[in-house]
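Below: the structure, in structure tokens.
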Amino acid sequence: MPTVTSERPKKFDLVTKILANEQAAQDHYLLRCECPEIAEGALPGQFIHVLISDASALLLRRPFTIYSVEGDQITILYQRVGAGTDTLSHLGRGDSLHVMGPLGNNFSIPPNLDSAIIVGGGAGIASLMLHAAALRKLGTRTLGLVGSINAARLLSVADLEAIEVETHISTDDGSIGHHGFVTEILTQILEQPQVYELHNPVTYACGPYGMLRAVAKISRKFRVPMQLAMENRMGCAMGVCLGCVCKVRTPDGGFEYQRVCTEGPVFDAEDIVW
Amino acid sequence: MPTVTSERPKKFDLVTKILANEQAAQDHYLLRCECPEIAEGALPGQFIHVLISDASALLLRRPFTIYSVEGDQITILYQRVGAGTDTLSHLGRGDSLHVMGPLGNNFSIPPNLDSAIIVGGGAGIASLMLHAAALRKLGTRTLGLVGSINAARLLSVADLEAIEVETHISTDDGSIGHHGFVTEILTQILEQPQVYELHNPVTYACGPYGMLRAVAKISRKFRVPMQLAMENRMGCAMGVCLGCVCKVRTPDGGFEYQRVCTEGPVFDAEDIVW
Amino acid sequence: MENGSASLETNVAGIQMKNPVMTASGTFGYGNEYSDFIDLNQLGATVVKGITSVPWPGNPMERIAETPSGMLNAIGLQNVGVDGFIEKKLPYLRDFDVPVIVNICGERREEYEEVTEKLNLTNGVAAVELNISCPNLHCGGMSFGVDPKLTYQLVKAVREKTALPLLVKLSPNVTDITVIATAAADAGADGLSVINTVLGMAIDVNTRQPMLQNVTGGLSGPAIKPIALRMVWQVYNAVKIPIVGMGGIMTSEDALEFFIAGASAVAVGTANFVNPRAPLDIIHGIRTYLDQNGVRSIADLVGSLQT
Amino acid sequence: MENGSASLETNVAGIQMKNPVMTASGTFGYGNEYSDFIDLNQLGATVVKGITSVPWPGNPMERIAETPSGMLNAIGLQNVGVDGFIEKKLPYLRDFDVPVIVNICGERREEYEEVTEKLNLTNGVAAVELNISCPNLHCGGMSFGVDPKLTYQLVKAVREKTALPLLVKLSPNVTDITVIATAAADAGADGLSVINTVLGMAIDVNTRQPMLQNVTGGLSGPAIKPIALRMVWQVYNAVKIPIVGMGGIMTSEDALEFFIAGASAVAVGTANFVNPRAPLDIIHGIRTYLDQNGVRSIADLVGSLQT
Ligand SMILES: Cc1cc2nc3c(=O)[nH]c(=O)nc-3n(C[C@H](O)[C@H](O)[C@H](O)COP(=O)(O)OP(=O)(O)OC[C@H]3O[C@@H](n4cnc5c(N)ncnc54)[C@H](O)[C@@H]3O)c2cc1C
Ligand SMILES: Cc1cc2nc3c(=O)[nH]c(=O)nc-3n(C[C@H](O)[C@H](O)[C@H](O)COP(=O)(O)OP(=O)(O)OC[C@H]3O[C@@H](n4cnc5c(N)ncnc54)[C@H](O)[C@@H]3O)c2cc1C
Ligand SMILES: Cc1cc2nc3c(=O)[nH]c(=O)nc-3n(C[C@H](O)[C@H](O)[C@H](O)COP(=O)(O)O)c2cc1C
Ligand SMILES: Cc1cc2nc3c(=O)[nH]c(=O)nc-3n(C[C@H](O)[C@H](O)[C@H](O)COP(=O)(O)O)c2cc1C
Ligand code: FES
Ligand code: FES
Numbered sequence: 001m002p003t004v005t006s007e008r009p010k011k012f013d014l015v016t017k018i019l020a021n022e023q024a025a026q027d028h029y030l031l032r033c034e035c036p037e038i039a040e041g042a043l044p045g046q047f048i049h050v051l052i053s054d055a056s057a058l059l060l061r062r063p064f065t066i067y068s069v070e071g072d073q074i075t076i077l078y079q080r081v082g083a084g085t086d087t088l089s090h091l092g093r094g095d096s097l098h099v100m101g102p103l104g105n106n107f108s109i110p111p112n113l114d115s116a117i118i119v120g121g122g123a124g125i126a127s128l129m130l131h132a133a134a135l136r137k138l139g140t141r142t143l144g145l146v147g148s149i150n151a152a153r154l155l156s157v158a159d160l161e162a163i164e165v166e167t168h169i170s171t172d173d174g175s176i177g178h179h180g181f182v183t184e185i186l187t188q189i190l191e192q193p194q195v196y197e198l199h200n201p202v203t204y205a206c207g208p209y210g211m212l213r214a215v216a217k218i219s220r221k222f223r224v225p226m227q228l229a230m231e232n233r234m235g236c237a238m239g240v241c242l243g244c245v246c247k248v249r250t251p252d253g254g255f256e257y258q259r260v261c262t263e264g265p266v267f268d269a270e271d272i273v274w
Numbered sequence: 001m002p003t004v005t006s007e008r009p010k011k012f013d014l015v016t017k018i019l020a021n022e023q024a025a026q027d028h029y030l031l032r033c034e035c036p037e038i039a040e041g042a043l044p045g046q047f048i049h050v051l052i053s054d055a056s057a058l059l060l061r062r063p064f065t066i067y068s069v070e071g072d073q074i075t076i077l078y079q080r081v082g083a084g085t086d087t088l089s090h091l092g093r094g095d096s097l098h099v100m101g102p103l104g105n106n107f108s109i110p111p112n113l114d115s116a117i118i119v120g121g122g123a124g125i126a127s128l129m130l131h132a133a134a135l136r137k138l139g140t141r142t143l144g145l146v147g148s149i150n151a152a153r154l155l156s157v158a159d160l161e162a163i164e165v166e167t168h169i170s171t172d173d174g175s176i177g178h179h180g181f182v183t184e185i186l187t188q189i190l191e192q193p194q195v196y197e198l199h200n201p202v203t204y205a206c207g208p209y210g211m212l213r214a215v216a217k218i219s220r221k222f223r224v225p226m227q228l229a230m231e232n233r234m235g236c237a238m239g240v241c242l243g244c245v246c247k248v249r250t251p252d253g254g255f256e257y258q259r260v261c262t263e264g265p266v267f268d269a270e271d272i273v274w
Numbered sequence: 001m002e003n004g005s006a007s008l009e010t011n012v013a014g015i016q017m018k019n020p021v022m023t024a025s026g027t028f029g030y031g032n033e034y035s036d037f038i039d040l041n042q043l044g045a046t047v048v049k050g051i052t053s054v055p056w057p058g059n060p061m062e063r064i065a066e067t068p069s070g071m072l073n074a075i076g077l078q079n080v081g082v083d084g085f086i087e088k089k090l091p092y093l094r095d096f097d098v099p100v101i102v103n104i105c106g107e108r109r110e111e112y113e114e115v116t117e118k119l120n121l122t123n124g125v126a127a128v129e130l131n132i133s134c135p136n137l138h139c140g141g142m143s144f145g146v147d148p149k150l151t152y153q154l155v156k157a158v159r160e161k162t163a164l165p166l167l168v169k170l171s172p173n174v175t176d177i178t179v180i181a182t183a184a185a186d187a188g189a190d191g192l193s194v195i196n197t198v199l200g201m202a203i204d205v206n207t208r209q210p211m212l213q214n215v216t217g218g219l220s221g222p223a224i225k226p227i228a229l230r231m232v233w234q235v236y237n238a239v240k241i242p243i244v245g246m247g248g249i250m251t252s253e254d255a256l257e258f259f260i261a262g263a264s265a266v267a268v269g270t271a272n273f274v275n276p277r278a279p280l281d282i283i284h285g286i287r288t289y290l291d292q293n294g295v296r297s298i299a300d301l302v303g304s305l306q307t
Numbered sequence: 001m002e003n004g005s006a007s008l009e010t011n012v013a014g015i016q017m018k019n020p021v022m023t024a025s026g027t028f029g030y031g032n033e034y035s036d037f038i039d040l041n042q043l044g045a046t047v048v049k050g051i052t053s054v055p056w057p058g059n060p061m062e063r064i065a066e067t068p069s070g071m072l073n074a075i076g077l078q079n080v081g082v083d084g085f086i087e088k089k090l091p092y093l094r095d096f097d098v099p100v101i102v103n104i105c106g107e108r109r110e111e112y113e114e115v116t117e118k119l120n121l122t123n124g125v126a127a128v129e130l131n132i133s134c135p136n137l138h139c140g141g142m143s144f145g146v147d148p149k150l151t152y153q154l155v156k157a158v159r160e161k162t163a164l165p166l167l168v169k170l171s172p173n174v175t176d177i178t179v180i181a182t183a184a185a186d187a188g189a190d191g192l193s194v195i196n197t198v199l200g201m202a203i204d205v206n207t208r209q210p211m212l213q214n215v216t217g218g219l220s221g222p223a224i225k226p227i228a229l230r231m232v233w234q235v236y237n238a239v240k241i242p243i244v245g246m247g248g249i250m251t252s253e254d255a256l257e258f259f260i261a262g263a264s265a266v267a268v269g270t271a272n273f274v275n276p277r278a279p280l281d282i283i284h285g286i287r288t289y290l291d292q293n294g295v296r297s298i299a300d301l302v303g304s305l306q307t
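Residue numbers (the numbering used here), protein chains in the order written: chain A, 1 to 274; chain B, 1 to 274; chain C, 1 to 307; chain D, 1 to 307.
Shown next as structure tokens:
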């Protein structure tokens, strides 16, 4: 499997205005803003680093993957988990936002890929949507495994179906779809790939750390190549603070700490030391 | 001259919604909100302590005098001077505000007072408006000396004239009224009180420290009693941090540091050690 | 205690409290100031403003300044003196069912002893908090608290004068707080208050003058919380006597961090200026957390950090 | 220099700079990372991430956490080692017209000496900044910087090895920073960098785990500005060698506070993470201030505090 592309678009640091910031599900929001420079070059899996408020006790920016691009506009899909995303959720049309991006590397598609599975846990699906669109544009058969706590927090199913991704839903409480984890669905699918019309699929995943580890283990078991997007805590998002690292195997059998913001967020699952 | 009343209204700590927050002059704003509890008891010269934003780098509240009371509503008149008042100026109708008050002591009116002069420098006039209204309600002849940097920042003249306070304007740049300081007008008036139909007037003043000191000196020279409102930096505004003190003469010929938030903000000019 | 909920009752350093939340010295006056907002009886304890042997005028203004997520103060221990305190301030507090902890300070050892002896003879004092960490005195104050020998001597001297529970309030302005903590514990302190303010400074660039007339002052508020927490954890691992944790506590989450780091009780300081109900909100939040996490008593949380 | 405006040129500790604004070690990488946003040639100087004799892996994650107006880090000096630096990082920087200051660290004196000697033989190093204050090393690092004797010995040893301008970066985690500053000056330092991060800690109350895998970390950002300013002012009054001030500088007003307190230059750290153009905005703001206040050169501002 080829590693991720190394040609990256130029980065921009902009002040833009929010065009829309609407609830997408319980505790989740879609925020759209005009960023022609970022929209132009953004690759699937890349993210923006957002300054939520000036002169505030919240010092650092917050990273969010680019969920979709329409013309000059980009959209992010974010979950309200703490002070920053809470403040963000209270902003509205016309409020200004400092945005840096596009940052990081991107998901890649091996030549002649026949089929793909994307696995999104919670807001993790946000990192996969642009990539799903890229896969579908190439005509790649794509299954979308979408996991959430419950029906009220289920994300992106309509957006996936609109681009003809075959979605499989699971919820922790069984309020919709499979009662259980996405990992269970993944196992079931990989046990009988032919049933799902999958030929040499690649798995792409994003979600909580524990889910990623589990998905990586399953993909490995079934010898399915996997790319995953990490969501470590970030400082600079520009590769200078070394705050966002994850443990990555080196060819010599050792390991090194690589920057999720720069060498990632997308890694080959085989390379991650869990 | 009797000292200030000691009967103080109960204090409240409320969350209210802003009803209006409009520019009154360059860099100055009138903010109105509904606070029945505070409106009911507020005395002229008393202030509120305002939490401008939660979870913010601006830790402390900001004190503002109650400019006017209409029914259940109170209004403050504030100048944008720093980060807090700048943030405040960006809030609008419907935004919530934490308000504590009414705080501090109040201006007092000696029995049978015939005439009064209020002297407001810049936003200092905000502290005098409610008192001017009280004076006029008693039928006291009241002169209003209003000083500002320039015409664009001139405050409250219409409000004063509406309650028949005879206003005298001065600006630093002469763009309206007397070209110079309010202190010059005050001297001129006190040199010929009869010309201005003043009989045993009392002076009430609020404004920058330097102006207050000058006004106190003039009042003293003409043996005119004077009350002034101090605007020291505040922490708690409740009398516990001892951060807001000013130097006050004690009967034994010494001095002590008294709390502007509790023993003040109104002091007898004679008592202040400058 | 609310029905069916976790117990917040605790005894720290011999001070019996309904809950482990105090108000910090110098930030809650003498109890009466906040009476329109808060029922004193609901507090775990209240620590009064630092008291000295004779009344002190305090520092000239300006005495406070705001900094990012913090404030500086250089009050200079303005207070009515121990006699004034006993006569004018304590009677009000005695009417409540809340332990009163008296924070004491001085320039020389004898002054600390004198104040302590007067408090011994007074009803209504639950404990003494020895302030060896005031950054706003030129002699005395912090100079005791940055030297382990002086700390030991002072604490020992006061210990010999009183049977009241004795807390010693440590300065964060030291290289190794465990050395001072150990000296205080060895000299007989019943508990340690960690931390006092951090020495800081701010300048008005337009006038090129310091924001405080005293030039430097003590930094408090959320800005210092990480420093305070680190010191509580260090002290917890170094001494056996209980710790009252403080420094930047605004919310119950903040308070919980201190318990987990090793504090047996917490004190709320600067937060009172912003939200007079902060101590009550914090008590409520702690109770909710204990209930939700199935923790039966606050003691089970103390020092429970998983490293 | 802009037409008709004040001169920002300055020579600090033998480092000739277009303006007195540097980027702080560990917060600006090796210069190339921010190339999409900022023209390196506009900086007064750039200080690179701490370098050691051999490559270091750094600490396990999580390495950073946000705190009120600040952040904690425990990177653990991950770096490519001095050889890797000279080979892979320095060539890029050499192409610019900006002094490169190399921050060096080690566990033992010999390591500092070894790194220094390698830098002596290299083109394109404007100065060495001796990091004796890294709070995230178990041995070495900060343990030098909190002991005046060890400071003296280490600085003297490195001084004897190099003719490069030598800055010594001080730790704020000390009782009296002037003692360490004096030791470093006496041992031959050309200038002092004040301050490194303040040791702090944060806890996740839900997991009861420290926010940093290393438990404690270094606090930086606006929260520490009052502490940093106080220390710059103390050091300015204690030693004669120039000071590079840092700690929480976000705006030109912040930087001006440091000059007025006694810094001859400033370094911008955490601010880079929030606003990559911060150093340039600060340079611009300083120039405007000097012009508006009729100050002819930055040197006239240094230590101009009116007390
Ligand atoms: C490359 C990348 C892409 C991401 N994309 C998305 C996305 O598209 N949608 C989405 O909902 N979330 C995304 N995240 C996670 C998102 O950045 C965090 O949820 C957000 O920063 C939390 O901020 P907060 O202030 O609300 O929470 P906090 O109160 O700061 O913390 C709440 C929780 O969020 C974690 N967190 C805090 N700061 C960060 C940070 N800077 N980076 C990562 N985690 C953090 C904390 O560890 C804690 O568990 C992404 C993270 C990364 C690194
Ligand atoms: C009792 C009292 C009543 C007041 N009434 C009014 C009023 O009606 N209208 C009005 O415009 N202003 C009034 N003030 C002044 C007003 O509180 C300050 O202008 C305001 O707090 C500044 O906040 P800031 O964040 O914008 O400025 P900052 O950036 O904090 O500082 C800018 C300037 O304001 C001063 N300042 C900062 N904080 C305070 C504070 N807490 N108290 C006083 N001064 C401060 C600073 O010293 C500095 O010179 C009053 C002050 C007091 C003490
Ligand atoms: C205005 C003010 C006055 C204080 N006075 C005292 C005092 O008299 N004695 C004392 O031991 N601590 C005093 N302190 C320190 C506090 O009790 C507390 O230790 C410190 O402020 C840290 O807690 P905080 O961040 O919650 O405020 C004072 C703090 C402030 C802000
Ligand atoms: C992520 C990070 C890494 C740092 N790495 C180093 C380092 O390698 N060497 C060093 O001397 N200082 C290092 N520092 C300290 C900074 O150079 C600076 O002294 C400190 O952060 C205070 O400045 P600030 O508040 O502007 O960030 C680091 C700081 C941060 C935040
Ligand atoms: S976030 Fe700073 S290196 Fe990745
Ligand atoms: S502001 Fe705290 S005592 Fe007045």
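Ideal placement from N, C-alpha and C gives every residue a C-beta, glycine not left out.
Note that the structure is predicted; figures quoted are calculated from it, not measured.
Residue range of the alpha helix (DSSP H) that includes residue i
i       : result
I104(D) : Counting along the chain, I104(D) falls outside any alpha helix (DSSP H), though it belongs to the beta strand (DSSP E) covering V100 to I104.
V82(C)  : G81 to G84
I36(A)  : For the sequence presented, residue 36(A) should be read as Pro rather than Ile. P36(A) -> alpha helix (DSSP H) spans P36 to G41.
K118(C) : R109 to N120
Contact belief for residue i with residue j at Cβ below 8 Å, rounded distance in angstroms
i      : j       : result
I18(B) : G120(B) : I18(B) to G120(B), Cβ: 24 Å. No contact.
I76(A) : I109(A) : That pair is no contact at about 23 Å.
Closer than 8 Å to chain D by CB, residue i
i       : result
C139(C) : Note that C139(C) has pLDDT 48, beneath the 50 cutoff, so the model's placement of it is unreliable and the number below is only indicative. Not an interface residue.
V173(C) : The question names Val, but residue 173(C) is Asn in the sequence shown. Chain D, which has a Cβ nearer than 8 Å to the Cβ of N173(C), makes this yes.
Minimum Cβ-Cβ distance from residue i to chain A less than 8 Å
i      : result
G58(D) : yes
Within-8 Å CB hit, residue i to chain F
i       : result
G200(C) : Protein chains A, B, C and D are contained in the structure displayed, whereas chain F is not.
Opening and closing residue of the beta strand (DSSP E) in which residue i lies
i      : result
A24(A) : F12 to A25
Any residues whose CB sits closer than 5 Å to a heavy atom of ligand 1? List them in chain order?
F47(A), R62(A), P63(A), F64(A), T65(A), Y78(A), Q79(A), V81(A), G82(A), A83(A), G84(A), T85(A), A123(A), A126(A), E231(A), R233(A), M234(A) and P265(A)
Return the residues of the segment 232-255 of chain D that lie within a Cβ-Cβ distance of less than 8 Å from chain C, sorted by chain order.
W233, G248 and E253
Members of the segment 9-30 of chain D near chain C, C-beta cut-off 9 Å
none
Residues of the segment 177-211 of chain B with Cβ closer than 7 Å to any Cβ of chain C, in chain order
none
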